[in-house]
Structures are given as C-alpha cells and as structure tokens.
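K.L.:
I have a structure I would like to understand better, so I am pasting it below and will then ask my questions one at a time.
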Amino acid sequence: MHREFVFTEQDFQRIRTLIHQHAGIALADSKQELVYSRLARRLRATWLKSFGEYLALLQRGGETEWEAFTNSLTTNLTSFFREAHHFALLAEHLRKLDKSGPIQLWCSACSTGEEAYSMAITVAETFGGFKQPVSIIASDLDSSVIATARAGRYKAEAVARLSLERIERFFTPADAGYFMVRPELQRMIEFKRFNLLDAAYPIRAKLDAIFCRNVMIYFDKETQLAILKKFAPLLKPNGLLFAGHSEHFYQAAAYFRLRGQTVYALANRLETIER
Ligand SMILES: C[S@@+](CC[C@H](N)C(=O)[O-])C[C@H]1O[C@@H](n2cnc3c(N)ncnc32)[C@H](O)[C@@H]1O
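Here it is, written out as structure tokens:
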C-alpha cells in the first residue's frame with residue numbers, strides 16, 4: 003500500500019504504548035489504519051516525513067505536541083440526551099435528594115459538552131428553573147473538545163434532535179446553521195481539563211452523581227478498576243454512577259453494584275440497605 007508517510011509496525015507499537023501510558027487508551031491491533039489517518043494530520047502540520055521523526059519530536063517533549071497527539075487519538079462521539087433513560091433516572095434521583103445542601107454532579111468524559119448540557123437541562127426541568135443549588139463539573143482530557151464545550155455553540159442538526167420546547171427554552175439561534183446554549187445553562191457548569199488517570203481529581207465536594215459513559219470502553223480492566231477505586235470515595239453514600247451502554251464493572255464489585263440499566267450504586271451503601 004502506498005502511503006504518504008513511512009509508518010512501521012514498530013511505530014505503531016510505540017504509539018500504542020505512549021497513548022496507553024498517557025491516556026489509558028488501549029488500542030487493538032486492528033487500529034493501525036485509524037492511528038495512521040488520525041496522526042497523518044500532525045505529520046503534515048509539523049512538516050515531517052515519517053512517523054519515526056514524529057515520535058522523536060514527541061519524545062523531545064513540548065506540552066503542545068503531546069496535547070495534539072492525545073487529542074488526535076481520542077474518540078469524541080457524543081450527542082444531546084444520548085442513552086436517554088439515564089436522564090429520566092437522573093431526574094428521579096434529583097427529586098429524592100436532600101435540597102438543604104448543594105447538589106453536585108460530575109460529567110467525567112464530557113467530550114464536546116452535549117452530555118453535560120443534557121444534565122443541566124435535566125436539572126432545570128426537574129427544579130423548574132436555573133437558580134438551583136446544583137453545580138456540575140464537566141471534564142475531559144482532550145483540550146479541543148473542552149474548548150467546544152465551553153463555547154456552547156452547536157450545529158443546528160445536533161440541536162434539532164431535541165424537542166421544540168427544549169430548543170426554545172435552552173438555546174438561542176446563533177450565526178447561520180448554529181445554536182448557542184443559554185448563558186443560564188452555561189453558568190451551571192464548570193468545564194475543566196484533566197485526565198481520569200491522574201492520581202487524584204480536582205473535586206472537593208462530595209458528589210450526588212458521576213456520569214462516566216462511553217470512555218471506560220477504551221481502557222483495559224485494570225485501568226477501569228483503578229479509576230473506579232478513585233470514584234467511590236468521591237460519591238455521597240446514596241450517589242449514583244452512570245456508565246455507557248456497553249460498559250460493565252463486575253471487576254469492581256467491592257466498590258460498585260449494579261442498580262439499574264448501566265447505573266451503579268456504592269457497594270457498601272447497598273449492603274447497608276439490604277441488611
Ligand atoms: C466517546 S466520548 C464519550 C462522550 C460522552 N461521555 C458520551 O457518552 O456521549 C469519550 C471521551 O472520553 C475522553 N477521554 C479519553 N481518555 C480520557 C482520559 N484518560 N481522561 C479523561 N477523558 C478521556 C475523550 O477525549 C472523549 O471525549
């Protein structure tokens with residue numbers, strides 16, 4: 003096969019090791035072409051001729067190229083109210099919570115923001131307004147998706163999947179073909195860039211719910227377990243963990259037990275209830 007850039011098996015193995023160490027992403031053998039096409043753009047941007055040269059550049063350091071490397075290899079597919087049953091469950095959970103203290107939610111792999119805004123819309127609909135003691139932290143490792151999320155500007159096609167009522171209440175038309183989320187909704191969310199592999203997360207308050215959906219699927223079981231171990235102490239005793247449709251955390255039974263369709267509760271909390 004003729005390729006624009008030299009890309010050897012050894013280059014692929016090196017990239018695989020680096021992205022695993024840096025982001026936890028475990029790339030299968032079948033992902034060689036995907037890696038080539040995602041990173042070819044970085045080689046063009048840096049005027050290099052081979053993946054070997056690119057890897058040497060990466061090794062020499064420089065935060066900027068590391069960021070671009072990571073951003074190129076993450077998969078950011080998302081949408082508003084994806085896996086909609088979770089938002090109905092979140093609303094039900096919110097209604098039951100003690101409203102005397104602040105309610106804290108974390109969207110832990112928020113991509114371009116649709117998931118975090120769907121959480122904020124759910125909060126506003128459940129409590130009938132924006133001025134609730136609810137705050138949402140939304141984070142992702144990829145700096146470019148965080149920038150999009152913060153901007154809150156979405157293509158009309160993405161927004162059009164929502165009901166007319168939601169569009170009118172939570173969005174305003176922007177430049178041709180785009181909508182902006184309302185500032186009241188934006189103010190409910192604090193977007194931060196950080197890595198789920200970090201030893202500790204910059205989250206101080208105890209959480210009522212963590213959304214961690216469609217990201218664990220890219221990690222091996224060991225990495226998933228290490229993350230779940232860090233999630234458990236962050237949750238309030240009755241807090242919930244929402245996972246993606248194909249993610250199951252049986253290996254973390256000591257920390258989390260299944261409570262509904264891909265929704266988990268703290269294992270020790272369930273023991274207390276069951277007793
Ligand atoms: C497929 S998207 C899922 C988005 C959203 N949670 C959803 O379900 O629609 C996966 C996201 O996980 C992020 N991600 C991958 N590795 C990560 C890591 N180590 N720490 C934080 N975020 C990570 C990616 O940048 C990407 O935006």
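Going letter by letter, the sequence shown gives residues 3 to 277 in my numbering.
Glycine residues also receive a C-beta, built at the ideal position from the N, C-alpha and C atoms.
(1) Under the criterion of a Cβ to heavy atom distance below 6 angstroms, does A25 qualify as lining ligand 1?
(2) Comparing C-alpha positions only, which one of A202, Q263, F196 and L243 sits nearest to F213?
(3) Going by DSSP, what residues sit across from L107 in a beta bridge?
(4) Give a yes or no on whether the C-beta atoms belonging to I219 and E170 are separated by under 7 angstroms.
(5) Tell me whether the stretch 112-127 and the stretch 77-91 touch, counting them as touching only if at least three CB pairs, one residue from each stretch, are closer than 8 angstroms.
(6) Which of the three DSSP states is assigned to L164 in this structure?
(7) Taking just the CA atoms, how far does R259 sit from Y252?
(8) Have a look at I2 and V125 and give me their C-alpha separation to the nearest angstrom.
(9) First and last residue of the beta strand (DSSP E) that includes R261?
(10) How should W108 be labelled, buried or exposed, when 16 other C-beta atoms within 10 angstroms of its C-beta is the threshold for buried?
(11) Compute every distance between the C-beta of T19 and the non-hydrogen atoms of ligand 1, then say whether any falls below 6 angstroms.
(12) Can you name the start and end residues of the beta strand (DSSP E) that G241 belongs to?
(13) So R195 packs on D142, CB below 8 angstroms; how close in whole Å?
(14) Figure out for me which residue from L198, F172 and Y38 has the closest Cα to the Cα of M3.
(15) Just to check my reading of the structure: L209 and L237 have Cβ atoms closer than 8 angstroms, yes? What is that Cβ distance to the nearest angstrom?
(16) Should N197 be counted as a contact of ligand 1 given a C-beta to heavy atom distance under 6 angstroms?
(17) When you measure from the CB of S113 to every non-hydrogen atom of ligand 1, does any distance come out below 6 angstroms?
(18) May I ask whether a heavy atom of ligand 2 can be found less than 6 angstroms away from the beta carbon of T77?
(19) How should L268 be labelled, buried or exposed, when 16 other C-beta atoms within 10 angstroms of its C-beta is the threshold for buried?
(20) Just to confirm, are A30 and H22 a CB contact at a threshold of 7 angstroms?
(21) Name the one or two DSSP bridge partners that R195 has.
(22) For T174, which of helix, strand or coil comes out of DSSP?
(23) Look at the alpha carbon of T174 and the alpha carbon of Y156, and state the distance between them as a whole number of angstroms.
(24) Nearest by alpha-carbon distance to L50: which of E6, T19 and S74 is it?
(25) Give every residue of the same chain whose Cβ lies closer than 8 angstroms to the Cβ of L59, excluding the five residues on either side of it in the sequence, and list them in chain order.
(26) Taking 7 angstroms as the cut-off, decide whether the C-beta atoms of S120 and F89 are in contact.
P.N.:
The relevant details are as follows:
(1) On the sequence shown, residue 25 is found 23 positions in, with the first residue counted as 1. Within the chosen limit of 6 angstroms, ligand 1 reaches the beta carbon of A25 through at least one heavy atom.
(2) Looking up residue 213 in the sequence shown gives position 211. Closest option to F213, judged by alpha-carbon separation, among A202, Q263, F196 and L243: L243.
(3) Stepping through the sequence shown from its first residue, residue 107 is reached at position 105. Paired residues: I138 and A211.
(4) Residue numbering aside, residue 219 sits at position 217 when the sequence shown is read from its first letter. Residue numbering aside, residue 170 sits at position 168 when the sequence shown is read from its first letter. Cβ distance not < 7 angstroms, so I219 and E170 don't count as in contact.
(5) When C-beta atoms of the stretch 112-127 are compared with those of the stretch 77-91, three or more pairs fall below 8 angstroms, so the two segments count as touching.
(6) Position 162 of the sequence shown, counted from the start, is the residue given in the question as residue 164. In the structure shown, L164 sits in coil (DSSP, three-state: anything other than H, G, I, E or B).
(7) In the sequence shown, counting from the first residue as 1, residue 252 sits at position 250. In the sequence shown, counting from the first residue as 1, residue 259 sits at position 257. Distance between the alpha carbons of Y252 and R259 is about 8 angstroms.
(8) Here the chain covers residues 3 to 277 and nothing more, so residue 2 does not appear.
(9) Locating residue 261 in the sequence shown gives position 259, counting from the first residue. Start and end: F258 to G262.
(10) Looking up residue 108 in the sequence shown gives position 106. Buried is the label assigned to W108, since at least 16 other Cβ atoms lie within 10 Å of its Cβ.
(11) Here residue 19 corresponds to residue number 17 of the sequence shown, with the count starting at 1. Checking every heavy atom of ligand 1 against the Cβ of T19, none is found closer than 6 angstroms.
(12) Locating residue 241 in the sequence shown gives position 239, counting from the first residue. For G241, the enclosing beta strand (DSSP E) begins and ends at L237 to A245.
(13) In the sequence shown, the residue the question calls residue 195 occupies position 193. In the sequence shown, the residue the question calls residue 142 occupies position 140. Indeed, because the Cβ distance is near 7 angstroms, the residues count as touching under 8 angstroms.
(14) In the sequence shown, residue 3 corresponds to position 1, counting from 1. Nearest C-alpha to M3: Y38.
(15) On the sequence shown, residue 209 is found 207 positions in, with the first residue counted as 1. On the sequence shown, residue 237 is found 235 positions in, with the first residue counted as 1. About 5 angstroms separates the beta carbon of L209 from that of L237, a gap short enough to meet the 8 angstroms contact definition.
(16) Here residue 197 is taken as the residue at index 195 of the sequence shown, counted from 1. Yes.
(17) Taking the sequence shown and counting its residues from 1, one reaches residue 113 at position 111. Result yes, Cβ under 6 angstroms from ligand 1.
(18) Among the ligands present in this structure, namely ligand 1, ligand 2 is not found.
(19) Indexing the sequence shown from 1 puts residue 268 at position 266. That one is buried.
(20) One-based indexing of the sequence shown puts residue 30 at position 28. One-based indexing of the sequence shown puts residue 22 at position 20. When the beta-carbon positions are compared, A30 and H22 stay at least 7 angstroms from each other.
(21) For the purposes of this step, residue 195 is taken as residue 193 along the sequence shown, with counting starting at 1. Partner residues in the beta bridge of R195, as assigned by DSSP, are D142.
(22) The residue labelled residue 174 in the question sits at position 172 within the sequence shown. If DSSP states are grouped into helix, strand and coil, T174 belongs with the strands.
(23) Residue 174 sits at position 172 when you count from the first residue of the sequence shown. Residue 156 sits at position 154 when you count from the first residue of the sequence shown. Taken atom to atom, the span from the alpha-carbon of T174 to that of Y156 is near 10 angstroms.
(24) In the sequence shown, the residue the question calls residue 50 occupies position 48. When each option's Cα is compared against that of L50, the closest is E6.
(25) Translated into positions along the sequence shown, residue 59 becomes position 57. So the list reads T48, L50 and E67, once near-sequence residues are dropped.
(26) Here residue 120 is taken as the residue at index 118 of the sequence shown, counted from 1. Here residue 89 is taken as the residue at index 87 of the sequence shown, counted from 1. Yes.
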